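Undergrad: First the structure, which I've put down as structure tokens, then a few questions once you've had a look.
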Amino acid sequence: KPAELSQQLDAALGQPLETAFGRLQALEKSLQTVARGFQVSQRRQLLAALLVGVALGVLAAVIVLLA
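Residue numbers (the working numbering): 23 to 89.
Have a look at this one:
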């Protein structure tokens, strides 16, 4: 009887689990590209903030020297 139950569960759950696993793999692949784009965006934001900070520092130094 346990063998029959095991076969029934395998038959009932095998295909849906394989389908769900395939969908999860596809989702993982699509999210990898999104994650890469997000990392690039973060780097650009950090670089922009750094450049703005440097520009403001130079501007403040010029104002102090001219005052």
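Every residue, glycine too, gets a C-beta built ideally from N, C-alpha and C.
In this text, all values refer to a predicted model and were calculated from it rather than measured experimentally.
Got a sec, what are the start and stop residues for the alpha helix (DSSP H) residue 70 sits in?
TA: Here the alpha helix (DSSP H) through residue 70 covers 24-88.
Undergrad: Once you ignore the five residues that flank residue 42 on each side, which residues in its own chain have a CB closer than 7 Å to its CB?
TA: Excluding positions up to five away in sequence, the list is empty.
Undergrad: Out of curiosity, what's the CA-to-CA distance linking residue 81 and residue 64?
TA: Answer to the nearest angstrom: the Cα atoms are 26 Å apart.
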